[in-house]
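Residue numbers (our numbering), protein chains in the order written: chain R, 684 to 837; chain L, 684 to 837; chain B, 684 to 837; chain V, 684 to 837. Note that the Cβ used here is the ideal one computed from N, Cα and C, for glycine as well. Presented below is the structure to which this report refers.
4 protein chains.
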Amino acid sequence: MRRVVAVIGGTEIEAEVDAAAERVGALLAKEDAIVVTGGRGGVAEAASRGASLNGGTTVGILPGRERSEANPWVEIAIPTGMGETRNALVVMDADAVIAFPGAYGTLIELGFALHNGLRVVIVGDWPLAVGATVQHATSPEEAVEFALASTSTR
Amino acid sequence: MRRVVAVIGGTEIEAEVDAAAERVGALLAKEDAIVVTGGRGGVAEAASRGASLNGGTTVGILPGRERSEANPWVEIAIPTGMGETRNALVVMDADAVIAFPGAYGTLIELGFALHNGLRVVIVGDWPLAVGATVQHATSPEEAVEFALASTSTR
Amino acid sequence: MRRVVAVIGGTEIEAEVDAAAERVGALLAKEDAIVVTGGRGGVAEAASRGASLNGGTTVGILPGRERSEANPWVEIAIPTGMGETRNALVVMDADAVIAFPGAYGTLIELGFALHNGLRVVIVGDWPLAVGATVQHATSPEEAVEFALASTSTR
Amino acid sequence: MRRVVAVIGGTEIEAEVDAAAERVGALLAKEDAIVVTGGRGGVAEAASRGASLNGGTTVGILPGRERSEANPWVEIAIPTGMGETRNALVVMDADAVIAFPGAYGTLIELGFALHNGLRVVIVGDWPLAVGATVQHATSPEEAVEFALASTSTR
């Protein structure tokens with residue numbers, strides 16, 4: 684089975700974060716990992732763009748009820764109609780989660796990821812201490828390396 | 684955007700239904716439609732097998748929390764941890780639904796599909812009258828033709 | 684633990700059905716059973732009104748995110764933000780379900796109730812054959828009698 | 684409409700926290716506020732006990748599919764079958780949330796509460812910085828005062 688990595692983070696992001704998230708998506712695609720996001724703007728869109736432009740598979744778990752809500756780089760759009768409650772599904776069973784700074788929506792996903800025992804890699808300066816066994820990466824390369832390290836294909 | 688067709692039906696099925704569901708999956712793959720199922724056995728597995736063996740994309744919306752629960756023909760496994768409540772997601776926004784006879788789980792999906800105004804095609808003898816604007820197909824070919832008829836790519 | 688009975692049915696109903704659903708709610712309250720509904724109009728409102736006016740406890744499992752969405756007879760409003768997917772929760776674990784004729788939303792709830800093995804009592808002329816082990820009641824009194832028959836308090 | 688306050692926190696707690704959570708439940712009951720919890724052990728049970736013993740109404744939003752999963756002080760048990768995803772529902776639309784220290788499950792609920800703009804009061808020493816507009820209370824009395832302050836009955 685191909686590896687799955689969730690990429691999460693804010694919906695309104697700066698150019699620097701956009702570039703880093705796109706790079707993360709590109710690197711994951713080159714490793715043949717499936718990229719799962721919340722399917723909309725910001726980090727989700729940047730990571731999906733990076734993966735899609737490099738031949739990767741992108742999945743978007745959407746808050747609303749319609750596929751058309753997904754950003755254009757999402758290949759597989761999964762409408763849920765559950766609003767932010769769908770954040771639980773974004774990180775339910777990935778091999779790892781790469782998190783860029785975000786707001787409470789991202790905090791929720793981080794909480795679910797940690798609760799589920801997923802490998803969590805944070806890129807950049809996370810504003811909230813989660814006091815947890817997370818790894819901190821200083822570059823997209825390091826983030827993907829940490830995310831896929833010793834992650835056997837399952 | 685590629686068309687999406689949900690294929691639903693029982694989990695314990697006879698060889699004839701298995702063959703027909705596999706054929707439906709194969710035909711959908713040839714039309715480049717994404718095949719969405721509940722991701723486990725029976726009709727879901729047969730349709731996914733047919734699609735996968737013909738180069739199609741298969742999505743499985745799973746009741747449990749782990750990707751490993753999916754049948755081996757599911758390419759994109761979406762764990763939900765919601766049990767049968769996830770049936771709502773299987774048919775939330777597809778271009779059409781092709782339904783083989785099934786039990787109450789299938790009835791639930793049919794109810795959601797009709798509620799959402801999806802095009803519904805029933806193959807074979809459905810035991811429950813749903814008194815609805817469904818189409819009845821007598822073969823896999825007819826089912827796929829009905830499902831994709833006038834369904835513009837969106 | 685007090686018994687719990689879900690009362691389901693259409694949101695746009697005729698006066699006769701409204702009166703019967705209100706009577707069902709009243710009878711359930713007199714039996715000290717908790718009345719669970721979808722929390723909004725039609726049968727849900729009539730049953731809640733009947734229960735509330737007779738000192739009963741009424742629970743409404745709401746499709747939206749705000750308690751204010753509930754009809755005024757709902758004492759305990761549970762917002763879900765899940766839309767019709769919340770129908771699964773309305774009938775997840777009641778001692779019985781009393782169903783008045785409704786549309787696809789009611790069909791979904793009936794499917795979940797039957798899937799979960801709940802005791803199902805249908806009042807009036809149900810338009811859809813569910814081919815199932817349901818009981819048919821011809822009056823509110825009979826519906827409540829069937830619903831609570833041999834239902835030990837648990 | 685009666686006010687609703689969610690009380691959240693760990694499932695394995697020390698005697699001191701148990702006593703404080705029970706006191707919070709008691710005080711909320713005396714203010715006629717409905718107490719909503721996750722319905723199981725720890726803080727949820729202590730707060731429900733305190734409310735129930737003082738004539739209050741207690742609601743438990745359960746992770747599993749059966750009412751019997753609730754602790755004995757829950758009057759209205761709402762099974763969801765959604766596991767930890769149900770944490771979103773516990774804090775979807777309360778007038779306020781009172782949070783005792785907990786693990787990731789509590790972090791998730793706090794994230795949802797903050798995302799939804801609820802008034803959040805933290806009692807005791809929260810191990811995770813949420814960097815947010817929360818209030819910190821040093822006693823059950825203060826927690827309830829903060830939670831209900833300027834919360835008009837709606």
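Examine chain D for any beta-carbon lying closer than 8 Å to the beta-carbon of residue i, and answer yes or no.
i         : result
V:His-819 : Here the protein chains are R, L, B and V, and chain D is not one of them.
Counting C-beta neighbours from all protein chains within 10 Å, is the total for residue i 16 or more, i.e. buried, or is it exposed?
i         : result
V:Ser-751 : exposed
R:Gly-785 : buried
R:Gly-800 : exposed
R:Pro-746 : buried
L:Ser-838 : For residue 838 of chain L there is no data in the structure shown, the boundaries of chain L being 684 and 837.
L:Gly-733 : buried
R:Ser-835 : Below a pLDDT of 50, predicted positions are generally treated as unreliable, and R:Ser-835, at 47, falls in that range; no measurement from the model is reported.
B:Gly-724 : exposed
V:Leu-772 : buried
R:Leu-793 : buried
R:Thr-816 : exposed
L:Pro-762 : buried
R:Glu-767 : buried
R:Leu-736 : exposed
R:Arg-837 : Residue confidence is low: R:Arg-837 scores 37 on pLDDT, short of 50, so the model does not pin down where it sits. Its coordinate-derived value is still stated next. Exposed.
L:Gly-738 : exposed
V:Ala-777 : buried
R:Glu-699 : exposed
L:Asp-701 : buried
L:Glu-749 : exposed
V:Ala-832 : exposed
L:Glu-758 : buried
B:Glu-824 : exposed
List the DSSP bridge partners of residue i.
i         : result
R:Gly-743 : R:Thr-720, R:Ala-760
V:Val-688 : V:Val-718, V:Ala-779
What are the boundary residues of the alpha helix (DSSP H) that includes residue i?
i         : result
R:Val-774 : Counting along the chain, R:Val-774 falls outside any alpha helix (DSSP H), and DSSP gives it neither H nor E.
B:Ala-848 : Residue 848 of chain B cannot be examined here, being either before or after the span of chain B that is shown, 684 to 837.
R:Ala-796 : 787–798
Would you mind reading off the limits of the beta strand (DSSP E) that contains residue i?
i         : result
R:Ala-730 : From DSSP, R:Ala-730 is part of no beta strand (DSSP E) but of the alpha helix (DSSP H) over 726–735.
V:Val-803 : 802–806
L:Val-827 : That residue, L:Val-827, is in no beta strand (DSSP E); its alpha helix (DSSP H) goes 823–831.
R:Ala-820 : 818–820
Check the C-beta distance from residue i over to residue j and give it rounded, since I have them as a contact under 8 Å.
i         : j         : result
B:Val-726 : B:Ile-691 : 7 Å
R:Ile-696 : V:His-798 : Not really, about 17 Å apart at Cβ, beyond 8 Å.
L:Ala-826 : L:Val-803 : The pair is not a contact, with the Cβ atoms about 11 Å apart (cut-off 8 Å).
B:Trp-756 : B:Thr-741 : 6 Å
L:Arg-685 : L:Ala-709 : Not confirmed; about 16 Å, so no contact.
L:Gly-722 : L:Ala-689 : No, L:Gly-722 and L:Ala-689 are not in contact; Cβ-Cβ is about 11 Å, not under 8 Å.
R:Val-806 : R:Ala-796 : Between R:Ala-796 and R:Val-806 the Cβ distance is about 14 Å, and since that is not below 8 Å, they are no contact.
B:Gly-625 : B:Ala-760 : A question about residue 625 of chain B goes unanswered here, because the residues of chain B that appear run from 684 up to 837.
R:Glu-714 : R:Ala-730 : The Cβ separation is near 13 Å, so there is no contact.
B:Met-775 : V:Gly-764 : 6 Å
For the ligand GDP, any of its heavy atoms closer than 7 Å to the Cβ of residue i?
i         : result
L:Thr-741 : Inclusion of the ligand GDP in the displayed structure is not the case, the ligand content being empty and no account of it being possible.
Members of the segment 736–754 of chain L that neighbour chain V once the beta carbon cut-off is set at 9 Å: The residues in question are Arg-748.
Selection of the segment 778–801 of chain L by Cβ proximity to chain B, strictly under 7 Å: Within the segment 778–801 of chain L, the residues whose Cβ lies closer than 7 Å to some Cβ of chain B are Tyr-787, Gly-788, Leu-790, Ile-791, Gly-794, Phe-795, Leu-797, His-798, listed in chain order.
Short-range partners of chain R found in the segment 760–775 of chain B, where Cβ spacing is below 7 Å: For the segment 760–775 of chain B, the beta-carbon criterion of a distance under 7 Å to any beta-carbon of chain R is satisfied by Gly-764, Met-765, Gly-766, Thr-768.
Short-range partners of chain L found in the segment 715–726 of chain R, where Cβ spacing is below 9 Å: Within the segment 715–726 of chain R, the qualifying residues are Ile-717, Val-719.
Contacting positions in the segment 685–696 of chain R - beta carbon closer than 9 Å to chain L: Contact residues of the segment 685–696 of chain R toward chain L are Arg-685, Val-687 (C-beta to C-beta distance below 9 Å).
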